[in-house]
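A quick write-up on the structure given underneath.
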Amino acid sequence: MTTATEEIKKQVENKELKNVVILFAGDSGDGIQLAGTQFTNTSALLGNDISTFPNFPAEIRAPQGTLAGVSGFQLHFGSVNVYTAGDESDVLVVMNAAALKANIKNLKIGGTIIANLEGFGPKNLGLAKYPKDANPLTDGSLDKYTLYQVDLTKLTRACLDGSGLGVKEIDRSKNMFVLGFLLWMYNRSMEPTIEFLKIQFKKKPELIETNTKVLKAGYNYGETTETFTTRYEVKAAPMPKGIYRSIMGNQATAMGLITAAKKAGLTLFYGTYPITPASDILHELAKHKNFGVKTFQAEDEIAAVCSAIGASFGGSLGITGSSGPGIALKAEGIGLAVMLEIPLVIINVQRGGPSTGLPTKTEQADLLQALYGRNGECPLIVVAAASPSDCFQMAYEACRLSLEHMIPVMLLTDGYIANGAEPWQFPKAADIPEIKVNFTTKKNSVTETEAGKVEKFLPYLRDEKLSRPWAIPGTKGLEHRIGGIEKENNTGNISYDPDNHEFMVKLRQDKVDRAANYIPEQKLDNGKEKGKLLVLGWGSTYGSIKTAVKECIEEGIDVSHAQVKYMNPLPKNLGSILKNFDKVLMPEMNNGQFSKVIRDKFLINTINFNKIKGMPFSSSELKEKIKEIAK
Amino acid sequence: MSTTTAAAPGEKLTSKDFVSDQEIRWCPGCGDYSILKQVQTVMPDLGIPRENIAFVAGIGCSSRFPYYMETYGLHSIHGRATAIASGLKATRPDLSVWVVTGDGDGLSIGGNHTIHLLRRNINVNVLLFNNEIYGLTKGQYSPASPLGKVSKSTPFGSVDHPFNPLALVLGAGGTFIARSMDRDPIHLRTMLKRSHEHTGTSFLEIYQNCNIFNDGAFEVFTEKASKKEETLMLEHGKPLIFGANNDKGIKLDGFKPVVVNVADVSANDLWIHDERDIMKATLLTRFFDDPKKAEHMPRPFGVFLVQDKTTYEVAMEAQVADAIKTRGEGDLDALLRGRETWTIN
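Residue numbers (the working numbering), protein chains in the order written: chain A, 6 to 636; chain B, -13 to 331.
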């Protein structure tokens, strides 16, 4: 005999999935970034492997309801390892008609749409440029998908009726309803979000209560509404044992810089000017003044790099950060640092170019700018990060190389990994090596004169790395002058001598080249050491290439993968790796920049595969290309 | 410069100690020689060890200055000395930082950095050598050249209006504003010392003769025959008096300054110079008439304005100290760990 309660309880099927891609889309003001981030953190805490990709319009508040104003947050989570934010989504959450129109093409056939009913009124349909009287929710055009229409606004308002909040404020919490519902659907706890709300609204306790109420209402809606009969489970991923946290690229970059400064025993000075998508590095650094971090929001990009040079001259770790347009403005300052041979770290969070280009979209088109974009022969060290968490490692490396070699170093990341998040098995501080910085305090040469031996300080005397001594103001007896005019080796005096100039140009190049002795050798990420096809990537294409190559190998295709992170100088063994393959395929989010470099350095043919759409590669388009070449 | 480390007693340096071994490459007869000499003369009196002094310059004739000083020095790129000095002083408040710039370097290509340095009130001393011409590039007009200036780039005369440099500095929030000239060594040395003593950005405009491309640009102010008639030497607490026989004075008629005969008024009626009065300083910066005009005010020299304002580097250090005090010295492990973690077993 069954009781009445059991009769009412609906039958819910539990289905296990390996991985799921959810795309939240709506207006910038809909709070979907927040809902997405909370779902991400909850999934990470559950042990899923995750990868996210927020996608914003360039305008902070683009016209509401329009296609231009659609903002998205894509999350890929799995019980298997995930390396990208996913090609197509399984679930599409849309707050309005424009969000549906902009994203429907990336939803899998048979995928789920959760649509906010209020966002499909005549006005919204018009703004989304649907033909007059057409409504995708009712016209059968979505028949290939599972469509759930939820009246979020009405449900949220009903939930907060009598709460004392205004309609605007009530409507703003409808993102919590969606989040609660999805947490139910994917068997996830609401606790992490409730904890988050408590911290977020510490100063407005009434909002903790109302948001929690809406969140629970969303959860219960899934529980009680007859429509939803399946819940999904995505178990923990087989990650290496250890403690993890979730990390975004810009955040990781900032932490890498702080760590390097601490390990070098120097003050971190960050001179910068706000620019998308690099500003979050400044925001993060500015929080950590208790590490002795000094952030300087300069009047422009030029002042930003110059203030960092001034800080380095004084014995701090001078760092500047920007995106392509800002790096263009800094070029002369970077050239000065090359001439001064002092430490300087320059971060370029690349975005679509040229000019203002696509400020909020990703691209890898500043590689040649990094390598060559200054007047004169002006080489510097260039490194690139491969994933959000790798930004930590490469930021630390940029600082290490700059300080130990007295050369400016540019770190390339991009919008995709800067704003993307992934789980990170963070290191213990004690396991991170110290960075050796020796300020020179003594004169370093003796000259015989008629008056006897005279001790002198030669600011451009060199060691085995060709690096020069760093003598900072305040050091008695080592007063000296340096500048941007060509200088005589050893003394650093101004020199217009033709032979000296050629010697110094070659020497500065040699100095960069020698850094190859102090960087790790190139490793293959996957595949055999010799074979038919090598996929050679650099920087942020890592996740997409890794996924594609892994799947191709599983299908029996002879393909290997190497991802370059040290762009200049290149790892010493890269040439011998390339020789082991019949073909080299080079996917890049640009028009073939690294490919040019590889052809130039190694005189080999490379096959370019370029995507310049402001979007990362999907692993399926890479797979297709690999299969075509491997035939 | 209260934060600067003082020299150990008994270590009295001389001006020779501030002469570097570099050959000076300015044109013979250039006003820069006098300025260099006065700076080297004043330095020992400041009581700062050489190693705690840094000269930062941009590009231009004046910007070669650091090479000739036996201190730390940085000869940088055009217009950016102020920005570089900002980063240096922000991280090294213990140093005495001097910026040497010109009317092209500091007011044209580097104008933006100049105004923002002043706004932030970073405790550095700016010496702007104003020769109203581009010398290093061989004689184009500058943003300080008077309207109609005939130069290589303006054979029919310039059509753009010049900056009034000290009015610009005042507008940007300068806390120490002064003017001097290459041809008055005693006055220049006094102004250099006053610049040094001020805590905050000190801005000293120095009229400097370019005898090659703009010879005599300031001679009405510097030559004996006209100097007393054309200049107004400012002294704190003293009435504004000038003229060949100290016979002229300035009186304020409401907000309008008028020239009067000293004999015709009582001493109390004259404008008494007050370095702390920003309204009066504002009027003084407007004493900027073309001396060729029939009715014109004399050009003021001396300290126009002194204001007390927190300096950027002190405020920055205070924030760091406060963060350490309230949150404890940064713990790397805590930073790397963040707020939320999970464990995979």
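Glycine residues also receive a C-beta, built at the ideal position from the N, C-alpha and C atoms.
I need the boundaries of the alpha helix (DSSP H) containing residue 177/A, first residue and last residue.
As a position in the first sequence, residue 177/A is number 172, starting the count at 1. Note, residue 177/A: alpha helix (DSSP H), 172 to 177.
With residue 604/A as the anchor, note down where its alpha helix (DSSP H) starts and where it stops.
In the first sequence, residue 604/A corresponds to position 599, counting from 1. Counted as a single uninterrupted DSSP element, the alpha helix (DSSP H) harbouring residue 604/A occupies residues 598 to 607.
Excluding the 5 residues flanking residue 682/A on each side, which residues of the same chain have their C-beta closer than 7 Å to its C-beta?
The structure shown does not extend to residue 682/A, since chain A spans only 6 to 636, so no value can be given for it.
Give, in chain order, every residue of the stretch 254 to 283 of chain A whose Cβ lies closer than 7 Å to some Cβ of chain B.
260, 263, 264, 267, 272, 274, 276
Let's test the definition: count the other Cβ atoms within 10 Å of the Cβ of residue 438/A and tell me whether it reaches 16, buried, or not, exposed.
The residue given as residue 438/A occupies position 433 in the first sequence. With fewer than 16 Cβ atoms within 10 Å of its Cβ, residue 438/A is classed as exposed.
Would residue 353/A and residue 328/A qualify as a contact pair, given that the criterion is a beta-carbon distance under 8 Å?
Numbered from its first residue, the first sequence carries residue 353/A at position 348. Numbered from its first residue, the first sequence carries residue 328/A at position 323. Result yes, Cβ atoms of residue 353/A and residue 328/A sit closer than 8 Å.
Among 158/B, 131/B, 156/B, 152/B, whose alpha-carbon lies nearest the alpha-carbon of residue 145/B?
Along the second sequence, one-based indexing puts residue 145/B at 159. Cα-wise, what sits closest to residue 145/B is 131/B.
Quick one: measure Cβ to Cβ for residue 285/B and residue 217/B, integer angstroms, because I've assumed they're closer than 8 Å.
Position 299 of the second sequence, counted from the first residue, corresponds to residue 285/B. Position 231 of the second sequence, counted from the first residue, corresponds to residue 217/B. About 6 Å separates the two Cβ atoms, so the contact holds.
Hey, is residue 216/B's beta-carbon within less than 8 Å of any beta-carbon in chain A?
Taking the first residue of the second sequence as position 1, residue 216/B is located at position 230. Not closer than 8 Å to any Cβ of chain A, the Cβ of residue 216/B fails to qualify, so no.
Determine contact between the stretch 134 to 141 of chain B and the stretch 69 to 81 of chain B, defined as no fewer than three beta-carbon pairs at a distance below 8 Å.
no
Counting only beta-carbon separations shorter than 8 Å, does residue 480/A have a partner in chain B?
One-based indexing of the first sequence puts residue 480/A at position 475. Yes, contact with chain B.
Residues of chain B with CB under 7 Å from residue 250/A, in chain order?
Here residue 250/A refers to the residue found at position 245 of the first sequence. Here the neighbours are 323, 324, 326, 327.
Just to confirm my understanding: we take residue 616/A, look at its own chain, exclude 5 residues before and 5 after, and list those with CB closer than 6 Å. What are they?
Within the first sequence, the letter at position 611 stands for residue 616/A. Within the same chain, residue 616/A has close Cβ partners 594, 622.
Kindly indicate if chain A contains any beta-carbon less than 8 Å away from that of residue 62/B.
By 1-based counting over the second sequence, the position of residue 62/B is 76. Yes, its Cβ sits closer than 8 Å to a Cβ of chain A.
My output table needs one value for residue 257/B: the three-state DSSP class, helix, strand or coil.
Within the second sequence, the letter at position 271 stands for residue 257/B. The answer is coil: DSSP assigns residue 257/B none of H, G, I, E or B.
With three or more beta-carbon pairs closer than 8 Å as the criterion, would you say the stretch 176 to 186 of chain B touches the stretch 157 to 168 of chain B?
yes
Among 37/A, 198/A, 192/A, 552/A, which one has its Cα closest to the Cα of residue 177/A?
Translated into the one-based positions of the first sequence, residue 177/A becomes position 172. For the residues 37/A, 198/A, 192/A, 552/A, the minimum Cα distance to residue 177/A belongs to 37/A.
Roughly how many angstroms separate the alpha carbons of residue 136/A and residue 106/A, rounded to a whole number?
Residue 136/A sits at position 131 when you count from the first residue of the first sequence. Residue 106/A sits at position 101 when you count from the first residue of the first sequence. If I take the Cα positions, the gap works out to 12 Å.
Between the Cα of residue 425/A and the Cα atoms of 31/A, 42/A, 19/A, 632/A, which residue gives the shortest distance?
As a first step, residue 425/A must be located in the first sequence, where it is residue number 420. Considering only 31/A, 42/A, 19/A, 632/A, the residue with the shortest C-alpha distance to residue 425/A is 42/A.
Between the Cα of residue 177/B and those of 308/B, 55/B, 328/B, 219/B, spot the shortest distance and give me the residue it belongs to.
Working through the second sequence from its first residue, we reach residue 177/B at position 191. Checking every option, the nearest Cα to that of residue 177/B belongs to 219/B.
Quick check: what's the CA-CA separation for residue 81/A versus residue 241/A?
Translated into positions along the first sequence, residue 81/A becomes position 76. Translated into positions along the first sequence, residue 241/A becomes position 236. If you take the alpha carbons of residue 81/A and residue 241/A, they lie about 13 Å apart.
Does residue 121/B come out as helix, strand or coil in the three-state DSSP assignment?
Locating residue 121/B in the second sequence gives position 135, where the first residue counts as 1. Coil at residue 121/B, not helix or strand.
Do residue 40/B and residue 59/B have their C-beta atoms closer together than 8 Å?
The residue you call residue 40/B lines up with position 54 of the second sequence. The residue you call residue 59/B lines up with position 73 of the second sequence. Yes; because the gap between Cβ atoms is below 8 Å, this pair is in contact.
Give, in chain order, every unbroken run of the beta strand (DSSP E) that is at least 3 residues long and sits entirely within the stretch 263 to 348 of chain A.
273 to 277, 299 to 302, 322 to 327
Within 10 angstroms of its Cβ, does residue 13/B collect 16 or more other Cβ (buried), or is it exposed?
Position 27 of the second sequence holds residue 13/B. By the 10 Å Cβ count, residue 13/B comes out exposed.
Assuming residue 15/B and residue 197/B are in contact, meaning their beta carbons sit under 8 Å apart, how far apart are those beta carbons, in whole angstroms?
Reading the second sequence from its first residue, position 29 is the one you call residue 15/B. Reading the second sequence from its first residue, position 211 is the one you call residue 197/B. Cβ-Cβ separation between residue 15/B and residue 197/B: approximately 4 Å, consistent with a contact (criterion under 8 Å).
Take every Cβ of the stretch 40 to 55 of chain A, pair it with every Cβ of the stretch 591 to 606 of chain A, and state whether three or more of those distances are shorter than 8 Å.
no
Please go through the same chain and pick out, in chain order, the residues whose beta-carbon is closer than 6 Å to the beta-carbon of residue 630/A, but skip the five residues on each side of it.
On the first sequence, position 625 is the one that residue 630/A refers to. 614.
Ends of the alpha helix (DSSP H) at residue 550/A?
Numbered from 1 along the first sequence, position 545 holds the residue referred to as residue 550/A. From DSSP, the alpha helix (DSSP H) with residue 550/A extends over 547 to 559.
Have a look at the DSSP bridge pairing and note the partners of residue 53/A.
Here residue 53/A refers to the residue found at position 48 of the first sequence. In DSSP, residue 53/A forms no bridge with anything.
Does the Cβ of residue -2/B have 16 or more other Cβ atoms within 10 Å, making it buried, or fewer, making it exposed?
Along the second sequence, one-based indexing puts residue -2/B at 12. With fewer than 16 Cβ atoms within 10 Å of its Cβ, residue -2/B is classed as exposed.
State the start and end residues of the unbroken alpha helix (DSSP H) segment that holds residue -2/B.
If you number the second sequence from 1, residue -2/B lands on position 12. Note, residue -2/B: premise wrong, no alpha helix (DSSP H); not H, not E.
Tell me whether the beta-carbon of residue 276/A lies closer than 8 Å to the beta-carbon of residue 259/A.
In the first sequence, the residue the question calls residue 276/A occupies position 271. In the first sequence, the residue the question calls residue 259/A occupies position 254. The answer is no: Cβ separation not under 8 Å.
Could you tell me whether the stretch 218 to 226 of chain A touches the stretch 81 to 91 of chain A, using the rule of 3 or more Cβ pairs below 8 Å?
no
Find the residues of chain B that neighbour residue 244/A, judging by a C-beta separation of less than 7 Å, and give them in chain order.
Walking along the first sequence from the start, residue 244/A turns up at place 239. Per Cβ cutoff of 7 Å: 330.
Going by DSSP in three states, residue 62/A sits in which element: helix, strand or coil?
Indexing the first sequence from 1 puts residue 62/A at position 57. The answer is coil: DSSP assigns residue 62/A none of H, G, I, E or B.
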